[in-house]
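Engineer: Residue numbers (our numbering), protein chains in the order written: chain A, 77 to 339; chain B, 522 to 776.
Glycine included, C-beta positions come from ideal geometry on N, C-alpha and C.
Below you will find the structure I want to go over with you.
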């Protein structure tokens, strides 16, 4: 894309640099912007996402599609547990906040697209599948290695079940590990697989098509799908976060994490 | 236990092997006895993190033993016992890994649907060709609907058709497809080794929450679906059809 073609693009001033928000042609792009930490989700990062989401919600009538993206090599490396490694209570709170921000993305009125250019791991993969569409490429790294680390992935389970079905989600979460973008596409994590060099243009092209559709029809459809698949069920979604939060505070989980951080 | 089922423990993994290959590992009274005893042993073994269920011979499990149903009227009892096994596998503290190397038919397919992670080789087949015998596969539905989803469960349970491993993977009943039987065993080895290295509490709680999400933690789901199967099993229609199928099998095989 030629530089200087940002006519019509508005960059929203947020009181944070961890996330950027641009709106152009009724397509909002919310970009995780902490590349030196592989866009890992710290409490500040989650707060920044909430700020950006609040802005999108406040101008919802003018935004037809939201793209969720990441700066740098990774889309999102998951929860930044290392940053709070001495505070298990705070780790639990982070998982609850992740659940809350995921729910908020899910309940945006307009369709959402994750543009996954690199690793989307654990909570990062959770953000990818909570979106209505996920674009990725063959060499991305996707998955939920929580059980490998002794962490319980209950917090991300509900939206994975809704995306790929309960049986495959069961197998994926219990087996842990990560996979390539191609395998992730086969498993249904990504809804679209394109060449790496076309990722931005393909995502934007698709977003443009969605934006041209009838906004009200689109919103009514999404609302109804959310209702049908339990995305509005606060109790079920909170339960997952509580289970994950409770388990991460156990001595066993803390011991496993300490070993991991020392590597 | 008897020699129809082998149970081995190795480093956090319990392996149950169906070993009645001459009868394609059919679920007979003795097979149920052995399988139930093996699972009971695993249930009381806290150190077990993974249960691997595999089979010897050409078939994984051919379903209920036709002779016992036709000559001894065992169908209602078998349905109850199968429903109980599916529920216990789902409630088990260990992750249940299925290694399906050949046909998993009717009751055999029900067992597969109760697994957490299903590996299969290309010669595995799946399905419920039981309506022609007057049997309802409803007993399988809680885990089948929970795992493969409503659409796939409807297709499998109503069509009576067998699907191959590739289709079963597409339907969400199979999760890992190996290139052949040898690769299957290696893949399951690796899968079990990994699973056994995970934190037991973490895996147990994850499984429990997944049971909650797909509703397989609800007793009434298992009970009502079992009622539906057992009800049809007690009809004279089932008896007549089973008898006819058994006679035709004997005429065919000369046994």
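Taking DSSP's pairing of strands, which residues face residue 548 of chain B in a bridge?
Structural biologist: Your numbering for residue 548 of chain B matches position 27 in the second chain. For residue 548 of chain B, which the question treats as bridged, DSSP gives the partners B:585.
Engineer: With DSSP run on the structure shown, which of helix, strand or coil describes residue 80 of chain A?
Structural biologist: As a working mapping, residue 80 of chain A is identified with position 4 in the first chain. Residue confidence for residue 80 of chain A is low, a pLDDT of 38 falling below 50, so the modelled location carries little weight; the figure read from the coordinates is stated next. The answer is coil: DSSP assigns residue 80 of chain A none of H, G, I, E or B.
Engineer: Residue 24 of chain A to residue 734 of chain B, Cα distance in whole Å?
Structural biologist: This structure does not reach residue 24 of chain A, given that chain A is present from 77 up to 339, and the question cannot be answered.
Engineer: For residue 214 of chain A and residue 257 of chain A, which I take to be in contact (beta-carbon distance under 8 Å), what is that distance rounded to the nearest angstrom?
Structural biologist: What you label residue 214 of chain A is simply residue 138 of the first chain in a count that begins at 1. What you label residue 257 of chain A is simply residue 181 of the first chain in a count that begins at 1. The Cβ separation is near 5 Å, so the contact holds.
Engineer: Would you be able to state if there are at least three C-beta pairs under 8 Å between the region 695-713 of chain B and the region 639-651 of chain B?
Structural biologist: Yes, the region 639-651 of chain B is in contact with the region 695-713 of chain B.
Engineer: Would you call residue 752 of chain B buried or exposed, if buried means 16 or more other Cβ atoms sit within 10 Å of its Cβ?
Structural biologist: For the purposes of this step, residue 752 of chain B is identified with residue 231 of the second chain, where counting begins at 1. Exposed.
Engineer: Strictly by DSSP, which residues pair up with residue 685 of chain B?
Structural biologist: Numbered from its first residue, the second chain carries residue 685 of chain B at position 164. According to DSSP, residue 685 of chain B bridges with B:646.
Engineer: What residue does the alpha helix (DSSP H) around residue 281 of chain A start on, and which one ends it?
Structural biologist: For this step, residue 281 of chain A is matched to residue 205 along the first chain. Segment 275-288, the alpha helix (DSSP H) holding residue 281 of chain A.
Engineer: Buried or exposed: which applies to residue 671 of chain B, given that a residue is buried once 16 or more other Cβ atoms fall within 10 Å of its Cβ?
Structural biologist: In the second chain, the residue the question calls residue 671 of chain B occupies position 150. The residue in question, residue 671 of chain B, is exposed, as its Cβ has fewer than 16 Cβ neighbours within 10 Å.
Engineer: Just how far apart, CA to CA, sit residue 525 of chain B and residue 547 of chain B?
Structural biologist: Translated into the one-based positions of the second chain, residue 525 of chain B becomes position 4. Translated into the one-based positions of the second chain, residue 547 of chain B becomes position 26. Roughly 10 Å separates the two Cα atoms.
Engineer: Could you have a look at residue 569 of chain B and say whether DSSP puts it in helix, strand or coil?
Structural biologist: Translated into positions along the second chain, residue 569 of chain B becomes position 48. If DSSP states are grouped into helix, strand and coil, residue 569 of chain B belongs with coil.
Engineer: Within 10 angstroms of the Cβ of residue 689 of chain B, are there 16 or more other Cβ atoms? Answer buried if so, exposed if not.
Structural biologist: Translated into the one-based positions of the second chain, residue 689 of chain B becomes position 168. Buried.
Engineer: According to DSSP, simplified to helix, strand and coil, what is residue 785 of chain B?
Structural biologist: The displayed coordinates of chain B run from 522 to 776. Any statement about residue 785 of chain B would go beyond what the structure contains.
Engineer: Identify the contact partners of residue 250 of chain A in chain B, using a Cβ-Cβ distance below 8 Å as the criterion.
Structural biologist: Counting from 1 along the first chain, the entry for residue 250 of chain A is found at position 174. The contacting residues are 616, 637, 638, 716, 724, 727, 728, 731.
Engineer: In angstroms, rounded to a whole number, what distance separates the CA positions of residue 104 of chain A and residue 265 of chain A?
Structural biologist: Indexing the first chain from 1 puts residue 104 of chain A at position 28. Indexing the first chain from 1 puts residue 265 of chain A at position 189. Straight-line Cα distance between these residues: approximately 22 Å.
Engineer: Look at residue 635 of chain B and residue 617 of chain B and say whether their C-beta atoms are less than 8 Å apart.
Structural biologist: Numbered from 1 along the second chain, position 114 holds the residue referred to as residue 635 of chain B. Numbered from 1 along the second chain, position 96 holds the residue referred to as residue 617 of chain B. For residue 635 of chain B and residue 617 of chain B, yes; Cβs fall inside 8 Å.
Engineer: Figure out for me which residue from B:602, B:578, B:587 has the closest Cα to the Cα of residue 560 of chain B.
Structural biologist: Counting from one through the second chain, the residue named residue 560 of chain B turns up at place 39. Ranking the options by Cα distance to residue 560 of chain B, first place goes to B:602.
Engineer: Along the region 221-249 of chain A, where does the CB come closer than 9 Å to a CB of chain B? Name the residues.
Structural biologist: Per Cβ criterion, the list reads 222, 223, 224, 225, 226, 227, 228, 229, 230, 233, 234, 237, 240, 241, 242, 243, 244, 245, 246, 247, 248, 249.
Engineer: Any C-beta of chain B sitting closer than 8 Å to the C-beta of residue 317 of chain A?
Structural biologist: Locating residue 317 of chain A in the first chain gives position 241, where the first residue counts as 1. No, residue 317 of chain A lies away from the interface with chain B (no Cβ there is under 8 Å from its Cβ).
Engineer: Measuring CB atoms only, is the region 320-331 of chain A touching the region 301-308 of chain A, in the sense that at least three cross pairs come out at less than 8 Å?
Structural biologist: Result no; under three Cβ-Cβ pairs closer than 8 Å.
Engineer: Buried or exposed: residue 80 of chain A, going by 16 or more other Cβ atoms within 10 Å of its Cβ?
Structural biologist: For this step, residue 80 of chain A is matched to residue 4 along the first chain. Residue placement at residue 80 of chain A is poorly supported in this model, since its pLDDT is 38, which falls under 50; the coordinates still yield a value, given next. The residue in question, residue 80 of chain A, is exposed, as its Cβ has fewer than 16 Cβ neighbours within 10 Å.
Engineer: Where do the N-terminal and C-terminal ends of the beta strand (DSSP E) with residue 640 of chain B fall, by residue?
Structural biologist: If you number the second chain from 1, residue 640 of chain B lands on position 119. Taken as a continuous stretch (DSSP letters only), the beta strand (DSSP E) holding residue 640 of chain B covers 638-641.
Engineer: Output the distance between the C-alpha atoms of residue 613 of chain B and residue 764 of chain B, rounded to the nearest integer angstrom.
Structural biologist: The count along the second chain starts at 1 and reaches residue 613 of chain B at position 92. The count along the second chain starts at 1 and reaches residue 764 of chain B at position 243. Each residue's Cα considered, the two are about 36 Å apart.
Engineer: If we call anything under 8 Å between Cβ atoms a contact, is residue 663 of chain B one with residue 737 of chain B?
Structural biologist: Residue 663 of chain B sits at position 142 when you count from the first residue of the second chain. Residue 737 of chain B sits at position 216 when you count from the first residue of the second chain. Cβ atoms of residue 663 of chain B and residue 737 of chain B: closer than 8 Å.
Engineer: Would the beta-carbon of residue 528 of chain B fall within 8 Å of that of residue 562 of chain B?
Structural biologist: In the second chain, residue 528 of chain B corresponds to position 7, counting from 1. In the second chain, residue 562 of chain B corresponds to position 41, counting from 1. It is a contact, given that the beta carbons lie within the stated cut-off.
Engineer: Is the Cβ-Cβ distance between residue 180 of chain A and residue 119 of chain A less than 8 Å?
Structural biologist: As a first step, residue 180 of chain A is located in the first chain; it is residue number 104 there, counting from the start. As a first step, residue 119 of chain A is located in the first chain; it is residue number 43 there, counting from the start. Contact flag unset, no.
Engineer: Where does residue 207 of chain A fall in DSSP's three states?
Structural biologist: In the first chain, residue 207 of chain A corresponds to position 131, counting from 1. In the structure shown, residue 207 of chain A sits in coil (DSSP, three-state: anything other than H, G, I, E or B).
Engineer: Rounded to the nearest angstrom, what separates residue 223 of chain A and residue 231 of chain A at their Cα positions?
Structural biologist: On the first chain, position 147 is the one that residue 223 of chain A refers to. On the first chain, position 155 is the one that residue 231 of chain A refers to. Answer to the nearest angstrom: the Cα atoms are 12 Å apart.
Engineer: Does the Cβ of residue 559 of chain B lie closer than 7 Å to at least one heavy atom of the ligand COA?
Structural biologist: This structure simply doesn't include the ligand COA, nor any ligand for that matter.
Engineer: Using a Cβ cut-off of 9 Å, which residues of the region 299-323 of chain A contact any Cβ in chain B, in chain order?
Structural biologist: Result list: 306, 312, 315, 316, 319, 320, 322, 323.
Engineer: Per DSSP, what are the beta-bridge partners of residue 191 of chain A in this structure?
Structural biologist: As a position in the first chain, residue 191 of chain A is number 115, starting the count at 1. A:211.
Engineer: Determine, for residue 329 of chain A, whether the minimum Cβ-Cβ distance to residues of chain B falls below 8 Å.
Structural biologist: Translated into positions along the first chain, residue 329 of chain A becomes position 253. By this cut-off, residue 329 of chain A is an interface position.
Engineer: With 16 other CB atoms within 10 Å as the buried threshold, where does residue 78 of chain A fall?
Structural biologist: Position 2 of the first chain holds residue 78 of chain A. With a pLDDT of only 35 at residue 78 of chain A, under 50, the local geometry of the prediction cannot be trusted, and no value is derived from it.
Engineer: Quick check: the Cα distance between residue 727 of chain B and residue 719 of chain B, rounded to an integer number of angstroms?
Structural biologist: As a first step, residue 727 of chain B must be located in the second chain, where it is residue number 206. As a first step, residue 719 of chain B must be located in the second chain, where it is residue number 198. So the alpha carbons of these two residues sit roughly 12 Å apart.
Engineer: Is there a C-beta anywhere in chain B that falls below 8 Å from the one on residue 332 of chain A?
Structural biologist: Counting from 1 along the first chain, the entry for residue 332 of chain A is found at position 256. Yes, because at least one Cβ of chain B sits closer than 8 Å to the Cβ of residue 332 of chain A.
Engineer: Under 8 Å, Cβ to Cβ, is there at least one residue of chain A near residue 531 of chain B?
Structural biologist: Taking the first residue of the second chain as position 1, residue 531 of chain B is located at position 10. So, not an interface residue.
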